[in-house]
Each structure stands twice: as C-alpha cells, then as structure tokens.
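Residue numbers (the numbering used here), protein chains in the order written: chain A, 1 to 265; chain B, 1001 to 1306.
C-beta: ideal position from N, C-alpha, C; glycine also.
Every value quoted in this text rests on a predicted model; they were computed, and no experiment measured them.
Report on the following structure.
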C-alpha cells in the first residue's frame, strides 16, 4: 500500500464520518420544512411548522427560561469560579489536594446521579423549610454547581500562563488592591473570562438531564419542552424548533472560527 | 520573589495570606460542598432507608433497596435488573470500542492535512456535539423510524422484520452512544497524533513493516495517553447514559441510568433508585481508578486526564 492510496482511503473515511455526524442534524432541518406531517416522506417545502411555533406560548416561555437560566447561572459561576481560580493560583504552593478533589467532583459525577442527588436534596430541604421549591432558582443553583469547576480551571490556567513578575510589578508600583483588580487583573483575564462565560453558557444550554430533574412545573427550558413533546408523540413542530437551535449552534461555530482565525493569524 | 516576600514578612501577614486563601476559595468550595457533596451524601443515605408511601424514603434503616436491586422482590428473584446492568456494561464496551475504531483514522487524517485546515476540521467534528443531546437523539429517531430509507434497507436485507423500524432497539442505542461520544475520542487522539514522533513511523516503514505492525509498534504506544484519556471521556459518561437509551432504546434498551431515573418518577422507589446510583458511582470511580493506574503503568503519566 503506497502512501497515496492510504491517504485517499483516509479521506474517504473522513467524509463518511462527517456524513454520519451531520446526517441526523440535516434530517431535522430538512423535515422542519416538510409540508406533510411525516418523518418518513418529504412532501413539499413549507414554513407552516415555523408559523405554528411563533404562536406557541409554551415554546416562547421555554425559550425565555433557557436564556434566563444560561445568563444568570453563567454570571454567578463567573464570579464565584473566577475568585476560586484566582485563590487556587495564589495559594498553589499550599496543599490543596482536597480542593482539587471537590472541584473535580462535578466533572466526573454521572449527569443522572448529579441531577437526582440535587432533586432529592431540594425536595427534602423544601419539605423541612419551605425553601428551594423546584423552579428556575433550583435550576440556577444546579447549573452554577457544574459551571464553577470549568470557570475556575480556565482562570487558573490563564494565571499559570502569566509571568509572575507582572504581579510583582503591580505591587511594586504601589497599586492598591482595587487598582490591581481594575487595571491589571481584569484586562489580562478578559479573554479567559470571556471564554469561561461562553463555555458556561454553552454548558447550560446544552444540559438536559440536570435541568430536567431540578425543574419545576413553570420552568421548562427548550430541551425539556422538546423532550416532553417527543414523549407525547412526535410532532413536526419539534423539527422546526430543533432546526432553530441547530442554526444557533452553526452561527456560534462560525463566530468561534472567525475569532480563532483573528487571534492566531 | 513572591516566596522571599512571604518569608520575610511577619507572622501577621501569614495570617493575612490564610485569610486571603479562605476569602477566595471558600465561596466556590462551599457552593460545591453544599449543593453537590451534601446532596450526594444524602442520596447515598437514602439507599439505606426503606421505601414509604409514594416511594419516598422513611425510617427504619434497611438493606431492602440493595436486595431489590439485585433482583429479589416479593415474587422471588427475577433477572430484570441484572440484565439492565449487563446491558449497560455491554453497551459501554461496544460503543467505546467502535468509537476508538472510528476515531483513530479520523484523528490521524486530520494530522495529515495542512496545518492551516486542522482547526476547521476539528471544529467540524466537534460542532454536532454542541447541539443539545435531546435534539441529536431526535434526529436519529427521524432517521431510524419505521418507513424511513434506512429502516427499509435493513428490512430488505432481512436484518429486521418488515414494517419495523430500526428504533427502538439496542442497536439504535449503540449508534446513539457512538454518535454522542465520537468527538470526545477524536480530540485527545488528535493531540496525541500531533505530538507523534514521525521518525519512528518512517523507520518502521523503511524496515518494510506492514501497516498493522507499524501501527502496533510505532503509532499505538505513542498515542496511548490520548487513547486512555479518550476512554475516560467516553466510557464513563456512556455507562451513566440516560437520554440516548431513554429515547432510542425503549423498554428493551434500558440502561442503569434509566432504571435509576424511573425510581424517582412513575414507579417510585427512592431507596432503590439511590442504591442504583451508588452502583453507578462505584463503577465510575472504579473506572477512573483503573484508567489512572493503567495510565501511570504504561507511561502516560500526567497526561492522562484527572
């Protein structure tokens, strides 16, 4: 086998894999324009399912919930996780093994165990005290819990990549802690904080299992709504809303490509 | 420089350092302790309680839940739960193996392309996993439902009986798992390939080693750390899968995650579900431990995640 044939074979395999990866998404998008109420036969191009979406109060409120949950939880995680990442860096010479263990826990715990543990705990607390009744509040708490480690690790690794002399310089120039924060830390951390925010946001929007178990009756997010619709029996409306979510991902992918190109020419 | 600053300062400022440590680390650590560690401990304790009305946990402590999990019920022993456990293990094993087989050529292909294109190719592999996993499984439901071209093809080949779809089935779950986790294997393998010492591969080829031997002796050992990292990222979440098996598997494709979840909903029995969760946790930590030991033994060292 020559190198050339090997490379050609690999290329064929690559395109097959790409087809495998994009086929299910393409089918969803295609059938969202289907005039017939079928997932097996494409009849005619139509926008009727999209029109139907616009009038659906439930979907609009689910969209609002998804957005609210993602933004609020990411902001909280950014503050709490950012401070944690800074603390881990400043005190990295101390024995913080227990802390690393705690931080890795949300990453290694299976989603389903994570979600059910939160649900059982919230239900019990609610029974005792009346607090933490299931809804957006409990979902935000749960999402922040799995976002914190990512934010902390991103901020930490950004600090590790910095020249320690920069910290010395800031202190030697008699910068107050506040000045150090505003003029040194935040500007140098800006890319890391932005990356952390977008990752947190994506994780939140992408999550289904943990949201599902911590949600209340009024706080269904888009994935929870879609899940319910699938269970009730597939309606082509789901194709339309799923297609819109796929479009959002496609836009995000293009943006990330543009930004990464600009940063590393 | 920082160190001399600290040692030269008085004990009062060491106290200040500790205060700084507490101030920065406490909120995040406390959040995780309060909202994850404590709930997990609570869930585990539920497994040792008995099941009350509506399946809620109640006092006398008992090991009932574990007996039920092992299959002992009012009507004697039944193998249902054991099948579910074995199916979870089997699905994890098969899907991880398939993911490895697909990811190796894909990751290698990306490294053979021009450096300029590589980020784009990697992005192309990763982007589908940015869409919500409910939607991804829904896409497969569309593709594998009865009457679709794929189902008709399978029926005409005699693989399934006519008018049946390819889903719900164990096959659909395997497919869904492979689909879900492929990017998690491609990424670490790609970074292993990028660091590959090409001289070793060329040496093997110069000595007329066939592709299989080249792979076995020159490529495989070098990409092992990436492979182990990938297995951790694929096998552990696959074992705990809920969405894919629920949507694509139906009753016959149930995995441990579905068994656990169902005990907190309709057929409620919290202690039984909690016992299942403990089993899942044990499997997770055992898996992590084994991969870590393997990684260290085989020279992957610190490159293996976690």
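Asked                                                                                                                                                                               : Found
At a Cβ cut of 9 Å, what residues of the segment 1036–1052 of chain B count as close to chain A, listed as they run along the chain?                                                : 1036, 1037, 1038, 1039, 1040, 1041, 1042, 1043, 1044, 1046
Which whole-angstrom value is the C-beta distance of residue 249 of chain A and residue 1131 of chain B, which I expect to be below 8 Å?                                            : 5 Å
Counting C-beta neighbours from all protein chains within 10 Å, is the total for residue 1291 of chain B 16 or more, i.e. buried, or is it exposed?                                 : buried
Just how far apart, CA to CA, sit residue 1047 of chain B and residue 1258 of chain B?                                                                                              : 17 Å
Consider the Cβ of residue 1117 of chain B: report whether some Cβ of chain A lies at a distance smaller than 8 Å.                                                                  : no
What's the C-alpha gap between residue 1176 of chain B and residue 1248 of chain B?                                                                                                 : 7 Å
If you compare alpha carbons, which of B:1120, B:1171, B:1193 is closest to residue 1090 of chain B?                                                                                : B:1171
Kindly indicate which three-state DSSP category residue 1057 of chain B falls into: helix, strand or coil?                                                                          : strand
To the nearest angstrom, how far is the alpha carbon of residue 1064 of chain B from that of residue 113 of chain A?                                                                : 20 Å
Give the DSSP-derived three-state secondary structure of residue 1240 of chain B in the structure shown.                                                                            : coil
Check whether chain A comes within 8 Å of residue 1140 of chain B, counting only Cβ atoms and requiring the distance to be less than that.                                          : yes
Put residue 1004 of chain B into one of helix, strand or coil per three-state DSSP.                                                                                                 : Only weak support is given to the placement of residue 1004 of chain B: the predicted model assigns it a pLDDT of 41, under 50, and the question is left unresolved by the model.
Give a yes or no on whether the C-beta atoms belonging to residue 1135 of chain B and residue 226 of chain A are separated by under 8 Å.                                            : yes
According to DSSP, is residue 1052 of chain B helix, strand or coil?                                                                                                                : coil
Spell out a yes or no on whether the segment 93–108 of chain A and the segment 230–243 of chain A are touching, meaning 3 or more CB-CB pairs, one atom from each, closer than 8 Å. : no
Would you call residue 1265 of chain B buried or exposed, if buried means 16 or more other Cβ atoms sit within 10 Å of its Cβ?                                                      : exposed
What's the C-alpha gap between residue 80 of chain A and residue 167 of chain A?                                                                                                    : 22 Å
DSSP state of residue 18 of chain A, grouped into three classes?                                                                                                                    : helix
Using 8 Å as the threshold, is the segment 1065–1083 of chain B in touch with the segment 1149–1165 of chain B, meaning 3 or more CB pairs across them?                             : no
Taking buried to mean at least 16 other C-beta atoms within 10 Å of its own C-beta, is residue 150 of chain A buried or exposed?                                                    : buried
Measuring only between beta-carbons, confirm whether residue 94 of chain A sits less than 8 Å from chain B.                                                                         : yes
Could you name the residues of the segment 181–208 of chain A whose beta carbon sits closer than 9 Å to any beta carbon of chain B, in the order they occur along the chain?        : 202, 205, 206, 207, 208
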